[in-house]
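Notes follow once the structure below has been shown.
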Amino acid sequence: MKYYEQHAIITGGSSGIGKAVAKLLARQGANLSLIARDRQKLQTAQQEIAAVTINSQQTICTIVADVANYQEITAAIQQAIAQLGTPKLLITSAGIAHPGYFTDIPLEVFERTMAVNYFGSLYSIRAALPAMIENQQGNIVLISSGAGLIGIYGYTAYCPSKFALRGLAESLRAELKPRNIRVTIVYPPDTDTPQLAAENKIKPPETQKITATANTWSPQAVAEQILRGIEQRQIAIAPGAELTILNRFHSLLTPVLNWYFDRLVNKINS
Ligand SMILES: NC(=O)c1ccc[n+]([C@@H]2O[C@H](COP(=O)([O-])OP(=O)(O)OC[C@H]3O[C@@H](n4cnc5c(N)ncnc54)[C@H](OP(=O)(O)O)[C@@H]3O)[C@@H](O)[C@H]2O)c1
């Protein structure tokens, strides 16, 4: 399926994975609404994405909103729909990550992470869904993480918010299927974005050691996998062999991975 003249709304579309998906969609002729908080970053992304559009009719809109604020994100999505019509695609990529030791992370960070990553996605879906239901088609794509499949040392704030998205996606998928609206969840690997760079500055050494075992992907490569997965109507998109195996077998693999990661942690502490 190509997105010529279709409308896609992307929260977190001003940076990283969201922006990379936006660029690929722009190359397929889509009209886009990008939602994030920082106006300047949105404008820069808009220019970058406008430069790869394939026809002069394409529109790239930007809307400033905090996804964790129900009124703001609802108004933003209503504005996007008023400007460019019911979206064929809603991608909830806005997210934050704050690694650290459980007892060092302020309570507000746990609350904020859940507010942005989980409720920010849920609010966005609630705002777009009535129009999608009316249109009797659409695809909702939630960006979780490999950290939504397995608990990782140092990610006590982040992992639960990404696990929660999995629960939402799986249950919502079943409800929306009869209405011809697809729900897709993505478990990206480590991806070279400003978020990962910020995380790397504050990760505990144990977390550094564990995450160093995995390859870092480019945002474009992850975005390509996301669009391919959507086209193939995959319910869960897990880019790369590691995440594919983890997605399919995480319950079986968790004891082995825990054993291996505990050994890495012990090396740091011995
Ligand atoms: N990078 C990775 O290794 C990786 C791996 C797995 C999953 N993920 C997930 O992929 C998604 C995108 O991450 P990324 O790495 O591409 O990060 P990024 O480059 O930092 O982009 C995050 C985007 O979300 C927006 N955002 C953050 N908080 C927001 C809020 N409260 N309201 C509205 N927009 C907000 C940011 O813009 P503003 O700051 O201007 O609002 C930005 O556009 C996240 O959900 C992340 O958890 C990332």
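If you count the sequence shown from 1, you need to add 116 to reach my numbering.
Glycine included, every Cβ here is placed at the ideal spot set by N, Cα and C.
- Contact between M230 and T202 fails: their C-beta atoms lie close to 29 Å from each other, not under 8 Å.
- Between the beta-carbon of R282 and that of G264 there is about 5 Å, and that keeps the pair under the 8 Å contact cut.
- Residue state for I268 is assigned as coil, using DSSP reduced to three classes.
- With contacts defined by Cβ atoms closer than 8 Å, V257 and V183 do not form a contacting pair.
- K293 counts as exposed, since fewer than 16 other beta carbons sit within 10 angstroms of its beta carbon.
- For A285, the enclosing alpha helix (DSSP H) begins and ends at 274 to 292.
- The residues K139, A142, R143, in chain order, have a CB closer than 6 Å to that of V168 in the same chain once the five nearest residues on each side in sequence are set aside.
- Note that the C-beta distance between L148 and L158 is not below 8 Å.
- About 14 Å separates the CB atoms of Y217 and G267; that is not less than 8 Å, and the two are not in contact.
- Annotation: the continuous alpha helix (DSSP H) that includes N385 extends over 356 to 385.
- Selection I176, S172, W375 evaluated against I165 yields I176 as nearest (Cα-Cα).
- Nearest in C-alpha terms to V137, of all of D154, Y119, R153, is Y119.
- Across the structure, I297 and G254 are spaced so that their CA atoms are roughly 5 Å apart.
- Unbroken alpha helix (DSSP H) stretches of 4 residues or longer found wholly inside the region 311 to 359: 321 to 327, 335 to 347, given in chain order.
- DSSP lists no beta-bridge partner residue for H214.
- Rounded to the nearest angstrom, the Cβ distance from A243 to T190 is 4 Å, consistent with a contact under 8 Å.
- Placement of the Cβ of R295 at a distance of 7 Å or more from every heavy atom of ligand 1 is found.
- A Cβ-Cβ separation of about 7 Å places P305 in contact with N331 under the 8 Å criterion.
- Judged by beta-carbon spacing, A181 lies beyond the 8 Å limit of I221, meaning their Cβ atoms are not closer than that value.
- Take F226, set aside five residues on each side of it, and the residues of its chain with a beta-carbon closer than 7 Å to its own are A273, in chain order.
- Ranked by Cα distance from L380, the first of A354, L362, T323 is T323.
- Residue side-chain check: R143 keeps its Cβ at 7 Å or more from all non-hydrogen atoms of ligand 1.
- Listed in chain order, the alpha helix (DSSP H) runs fully inside the region 225 to 263 are 236 to 251, counting runs of at least 4 residues.
- For I133, the shortest separation between its Cβ and any heavy atom of ligand 1 lies below 7 Å.
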